[in-house]
Structures are given as C-alpha cells and as structure tokens.
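I have placed the structure first, in the form of structure tokens, so that the comments after it can refer back to it.
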Amino acid sequence: MAEPTDAARTVLLTVDDDPGVSRAVARDLRRRYGASYRVVRAESGPSALEALRELKLRGDSVAVLLADYRMPVMNGIEFLERAMDVYPGARRVLLTAYADTGAAIDAINVVDLDHYLLKPWDPPEEKLYPVVDDLLAAWRAGDHRPVPFMKVVGHRWSARSSEVREFLARNQVPYRWYSVEDPEGRRLLAAAGQDGLRLPLVITPDGGVLVEPEAPELAARVGLATTPTADFYDLIVIGGGPAGLGSAVYGASEGLRTVLLERSATGGQAGQSSRIENYLGFPDGVSGAQLTDRARRQATRFGAEILTAREVTGLEVNGAARVVRFADGSAIGAHSVILATGVQYRRLTAEGCAGLTGCGVFYGAALTEAPSCQGHDVFIVGGANSAGQAAMYLSRFAKSVTLLVRGPDLSASMSHYLVQQITEAPNIAVRARTEVEAAHGSDRLERLTLRRVDTGEADQVEAQWMFVFIGAAPLTGWLDGTVRRDGRGFILAGPDLTVDGKLPADWELDRPPYHLETSVPGVFVAGDARAESAKRVASAVGEGAMAVMLVHRYLEQS
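Written as structure tokens, this is what we have:
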C-alpha cells in the first residue's frame with residue numbers, strides 16, 4: 084500500500100454515536116492503516132464537523148470519511164453532505180444496517196456516496212479493508228496534497244496575537260499556533276532570527292517572516308485580494324456580512340461590474356456564529372463560517388471582486404460618480420454604492436475591561452479561543468441570540484458557562500428555540516439582573532466583580548474567560564457630513580428620510596428616495612447598518628438583493 088503524501092497529516096475520520104461501535108471502527112482502521120494514516124473518531128455529527136474544521140485550519144488532509152447512518156441530531160447522510168463543504172475531495176462511506184440500504188442508495192445521489200458498508204463487517208480483512216484500500220487508492224490518484232499552512236508564534240494572552248489568529252481563522256487561512264513559551268515556539272523564533280520582543284511572528288509557507296503584521300500586509304501574503312483591478316465599477320459594496328455578500332451575489336449575477344470591500348473578514352458578525360439554526364433552508368442549522376464560505380464562493384463565481392483588509396474612510400459625490408476613499412489615500416469610483424457596513428458589539432465600560440481585551444475579555448464569539456476554554460468557567464455578557472449561540476457552542480468545551488443579563492430573563496431578547504436549548508443544557512446557568520462592575524487581572528483576566536442591578540449587591544467570581552455581546556454600534560462614523568443618520572448612527576433611508584411628508588432640503592431629485600436609498604442618490608443601505616432594520620441574517624440577505632434591484636432602477640433613470 085502506497086504511503087500518503089504526508090502521513091503525519093492525512094486523516095481517516097470515523098463517526099458513530101455508539102461508543103462501542105466507534106471504538107471498534109477506529110480499532111480496525113488503526114490495525115491496518117495506523118502506520119501510514121492518522122485515525123480520528125467522533126461520536127456525533129456536530130463534533131465530527133468541528134474536528135474537520137480544526138483539521139482544515141491546521142492544513143491537514145482527510146482521505147476517507149466513514150459515518151454511521153442512524154445518529155441523533157444529524158444522521159450520517161446529513162453529516163457527509165456538510166462535510167463535503169470542508170473536504171470535498173474526501174472519499175465518503177456510509178455505515179448502515181440491512182434495513183437502511185434504501186437510504187444508503189439514495190445517498191449516492193445526495194452526497195455522491197462512494198460506498199456503503201453493512202454492519203457488522205467481520206472479518207474486516209474481507210469486508211472492510213478491501214473497500215478502504217480501493218478508496219485510498221482513488222483518493223491518492225487525485226491531487227490532494229496538504230494545504231500549506233502559516234505558523235503563528237505569540238503570547239497566549241496577547242491581544243495582538245489573538246487578532247492575528249482570528250483574522251486567519253475567519254478568512255479560512257490554515258495556520259498552526261505556537262506559544263512563545265513552548266520549545267517549538269522558541270525554535271521557530273530562533274530560526275527566524277527573532278528575540279521574541281516583537282510578537283506575534285508569522286511564518287508563511289514559503290518561509291517568509293512577518294513581525295507584528297497589520298491586516299493589509301497579512302492579507303496580501305496569504306493570497307487574499309487587496310487591490311482593485313479597475314478604477315471604476317458599476318457597483319461598490321462596502322461591507323462583507325450577509326447583506327454585503329447578498330448584494331455582491333445579486334449584483335454580479337445580474338451583469339453589474341461589482342467589487343466588495345471588507346476591512347477584516349467576510350461574514351460580519353454572522354460569520355462568527357457557531358450555529359445559525361433559524362435560517363431558511365438549513366433545518367439542521369449552519370455555521371456562520373459555512374454560510375460565509377458558500378456565499379463568498381458564489382459571489383466570485385459570478386465575477387464579483389472581493390477585497391479584504393481595505394478600510395474605507397470616505398464617500399464623495401463627484402457628478403454622477405460616487406467615489407470611495409481608502410485609508411491609504413487611494414480611491415475608486417462607481418455609478419452606485421451599497422452600504423452594508425454592519426455593526427460591532429459595544430464595548431464594556433466596566434473598570435479594567437479595556438486593558439484586558441484579548442487577554443481573557445473578548446468581543447463576539449472569538450471561536451479560535453473556544454478549545455482553550457476546556458475545563459474552565461466561562462462568562463458571557465448579553466441576552467440576545469448571538470450570546471445564546473455562543474453559550475451553546477462554548478458549553479461543549481467549558482466546565483460551566485454563565486450568561487450575565489441585565490433583564491429578568493432571556494425571553495425578551497432571545498429566540499424561543501435558543502432559550503429552550505439553554506434551559507436544557509446542564510452546564511449553562513443564567514444570572515439575571517446582573518452586570519459586570521469590574522474586571523481584574525494583571526496580564527490576563529483573573530476575576531470579575533458582578534453587581535445586581537436591582538439591589539446593588541456585588542460579589543467577586545474567579546474568571547479566565549469573558550465573551551461580550553452587548554448591543555450593536557453601527558460602523559458609520561466615516562460617513563459624517565455625507566449620509567444622513569439617526570441619533571445612534573444608523574443610516575436613514577427611503578421613507579425614514581421624510582419628515583412630515585417633506586423630503587430632505589438637500590435632496591436634488593424630483594422623485595422621492597427609493598426604499599433603501601440614502602440621502603445621497605445612488606447610495607443605498609442594506610442590513611444592520613440601516614435604521615430600524617430587523618437584525619437577522621435572512622433579512623440582511625434579502626435587503627442586499629433588494630438594494631441591487633433598486634440600483635438597477637436608479638441606473639436606468641440616471
């Protein structure tokens with residue numbers, strides 16, 4: 084049997100909810116293939132998907148997936164269908180009982196199934212190994228060389244190191260993390276000729292060294308597009324969340340020369356969600372990363388340009404052109420613009436939080452930190468869906484998760500299905516009418532002072548991890564003096580621009596603004612940045628599509 088391209092990093096993954104069967108499958112595979120391949124086993128579809136995502140980030144190859152058909156929450160066919168998004172080249176096997184052969188045959192069309200195995204397969208020498216041998220031979224015949232990965236060396240409790248890891252993870256760039264305190268981290272520093280005083284250190288697959296890289300430099304070195312290919316477009320979309328990606332897909336698919344500008348990573352807040360369960364068409368839920376990756380690939384397939392790490396600082400009107408200016412002083416123009424800048428979580432003003440950001444205090448899901456929470460007590464501040472989704476995800480790693488909410492309970496701001504899941508989770512607790520008064524720690528978070536908002540009573544708790552989801556602040560400050568906004572900074576559009584039936588004094592056209600059109604003709608808004616928007620993924624995608632329809636109407640009448 085031929086060796087894989089990189090034996091240490093090529094995986095055979097098996098998933099079965101029966102622990103005994105799971106161990107037996109893994110045992111049989113290791114007996115035959117353990118010297119050449121790494122066997123990874125999981126006992127549920129969601130945990131197997133999480134393992135695949137971690138393998139993908141590390142640049143590991145997966146040659147074969149073996150999944151049991153009858154599993155609760157997510158059956159084998161559903162798992163293999165979603166696993167295809169992560170490792171489309173992996174060979175797929177369904178483990179079935181005789182009664183399930185009909186489902187297995189159907190799966191050949193659903194997930195392009197390579198084989199189905201009837202249980203039990205004793206002896207494996209006759210019924211298991213010949214099948215896996217053929218699948219491995221077919222896999223090796225394709226081009227499945229391991230994806231080159233970045234190496235990141237930094238301090239475990241460093242805000243900048245956390246930012247770099249999050250940037251790479253959200254942009255789906257494979258990397259490996261090395262603490263500067265570990266022997267391998269020190270070896271990498273020495274090999275790069277660095278003393279460790281300036282971190283993080285990033286080593287590219289070709290051996291290049293980046294010291295304390297900023298996002299634009301990092302994006303360019305990992306192959307993300309950062310420079311526009313033209314000076315003028317039909318449509319500029321600013322922001323790569325669901326609304327922006329929806330705009331890019333519909334704009335490009337309908338023939339508009341479209342460019343999307345994103346300052347960090349596509350997906351926005353939704354892209355950081357571990358599980359979105361109420362999005363139409365995904366009955367088992369979908370991770371924000373999966374949804375983002377599919378939308379991004381869809382937009383680029385239609386011809387949209389997607390530029391990452393481009394910070395927009397200004398919007399100007401130059402006759403019929405709308406000019407967008409970047410932080411580096413350059414600019415591009417277009418006939419029309421869609422503002423899909425989204426929102427960011429508000430910062431905690433409690434004493435000590437600012438200095439511990441990235442060192443135990445995180446805003447948003449920070450999914451790269453989740454495995455490090457293993458066995459620890461985690462606190463989540465907030466009571467909306469994003470906080471609930473994070474609580475459910477982190478509860479898989481943490482010893483306990485405590486939700487801190489100012490209100491009397493979760494029902495006012497969280498979807499019913501999430502409230503039910505949290506209530507049933509054995510290691511999630513809710514502390515109502517509670518706020519964070521202070522965060523304590525020298526180099527990292529060590530304790531929190533919590534205060535009851537109704538009685539004023541305060542107490543201290545040991546804490547190493549706090550994730551904050553407290554309301555949304557729109558990313559619209561750069562629009563001062565250009566586009567009208569409400570008192571909280573959200574962009575006014577369409578009917579909201581009309582006061583007592585009168586249009587704004589500076590509105591130059593005979594017609595009223597279109598539904599999503601801002602106070603600047605030809606500039607539209609979609610998603611969370613719009614005043615009084617629904618703050619849901621589905622509505623943001625819908626508004627992105629509607630904005631493109633209105634762009635067409637605007638261009639036809641210009």
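All residue numbers for the sequence shown refer to the working numbering, where the first residue is 84 and numbers rise by one.
Beta carbons: idealized from backbone N, C-alpha and C, even for Gly.
Asked                                                                                                                        : Found
Which listed residue (Pro283, Val305, Arg281) has its alpha carbon closest to that of Asp289                                 : Val305
Span of the beta strand (DSSP E), counted from its first residue to its last, around Tyr120                                  : Neither: Tyr120 is in no beta strand (DSSP E) and is coded neither H nor E.
Neighbourhood of Ala221 by C-beta, 7 Å cutoff - its chain only, sequence neighbours within 5 removed                         : Arg174
Neighbourhood of Ile553 by C-beta distance below 8 Å, restricted to the same chain and skipping five residues each side      : Tyr428, Arg429, Leu431, Val464, Gly465
Contacting residues, own chain, Cβ-Cβ under 6 Å from Glu345 (five flanking each side not counted)                            : Gly323, Thr391
CA-to-CA distance, Thr559 to Leu328, given in whole angstroms                                                                : 18 Å
The stretch 514-532 / the stretch 433-444 touching (three or more Cβ pairs under 8 Å)                                        : yes
Inter-residue spacing [alpha-carbon to alpha-carbon] between Pro155 and Asn510                                               : 21 Å
One or two residues paired with Asn401 in a DSSP bridge                                                                      : Ala404
N- and C-terminal bounds of the alpha helix (DSSP H) containing Glu300                                                       : 298-304
Cα-Cα separation, Ala85 to Ala118                                                                                            : Here Ala85 scores only 42 on pLDDT, less than 50, and its place in the model should not be relied on; the value that follows carries that caveat. Their backbone Cα atoms lie some 12 Å apart in a straight line.
Segment contact flag, the stretch 277-284 with the stretch 331-351, C-beta cutoff 8 Å, min 3 pairs                           : no
Beta-carbon separation (whole angstroms), Leu487 vs Leu533, contact threshold 8 Å                                            : 7 Å
Buried versus exposed call for Gln355 [16 or more other C-beta atoms within 10 Å across all chains shown]                    : buried
Nonlocal neighbours in the same chain, by C-beta distance under 6 Å from Ala555, ignoring five residues either side          : Val426
Segment limits, beta strand (DSSP E) that includes Trp548                                                                    : 548-551
Gly490 beta carbon less than 8 Å from that of Ala474                                                                         : no
C-alpha distance - Thr32 paired with Thr383, whole-angstrom precision                                                        : Since the displayed the chain opens at 84 and closes at 641, residue 32 lies outside it and no answer follows.
Close-in-space but distant-in-sequence residues of the same chain around Arg577 (CB under 7 Å, 5 per side omitted)           : Residue identity differs from the one stated: residue 577 is Gly in this sequence, not Arg. Within the same chain, Gly577 has close Cβ partners Pro596, Tyr597, His598, Leu599, Glu600.
Beta-carbon proximity list for Gly618, same chain, < 6 Å, skipping 5 on both sides                                           : The displayed chain sequence assigns Lys, not Gly, to residue 618. If we look at Lys618 and ignore the five residues flanking it on each side, its Cβ neighbours are Asp611.
Chain-order list of residues whose beta-carbon lies under 8 Å from that of Val247 (same chain, five-residue window excluded) : Val235, Gly237, Pro283, Val285, Pro296, Leu301
Reduced DSSP category for Phe56 - H, G, I as helix; E, B as strand; rest coil                                                : A question about residue 56 goes unanswered here, because the residues of the chain that appear run from 84 up to 641.
For Met549 and Val461, the rounded distance between their alpha carbons                                                      : 6 Å
Range of the contiguous beta strand (DSSP E) that encloses Glu345                                                            : 341-345
Cβ pair count under 8 Å reaching 3, the stretch 393-409 against the stretch 197-206                                          : no
Met233 vs Pro266 beta-carbon contact at 8 Å                                                                                  : no
Ala353 at chain C interface by Cβ criterion, 8 Å                                                                             : Looking at the structure shown, chain C is missing, and only one protein chain is on hand.
Element boundaries [beta strand (DSSP E), containing Asp217]                                                                 : Element bounds for Asp217: not the beta strand (DSSP E) but the alpha helix (DSSP H), 212-224.
Gly323 - DSSP class collapsed to helix/strand/coil                                                                           : coil
Neighbourhood of Ser245 by C-beta, 6 Å cutoff - its chain only, sequence neighbours within 5 removed                         : Gly441
Simplified DSSP assignment, three categories, for His598                                                                     : coil
Segments of 4+ residues assigned as alpha helix (DSSP H) that fall wholly inside the stretch 551-599                         : none
Cβ shell of Asn401 (< 8 Å), same chain only, five flanking positions each side left out                                      : Gly416
Contact set for Phe573: own chain, Cβ-Cβ below 8 Å, skip 5 residues either direction                                         : Pro557, Thr559, Ala612, Arg613, Ala614, Glu615, Ser616
As assigned by DSSP and simplified to three states, the class of Arg124                                                      : strand
Backbone CA spacing between Gln640 and Leu586 [nearest angstrom]                                                             : 19 Å
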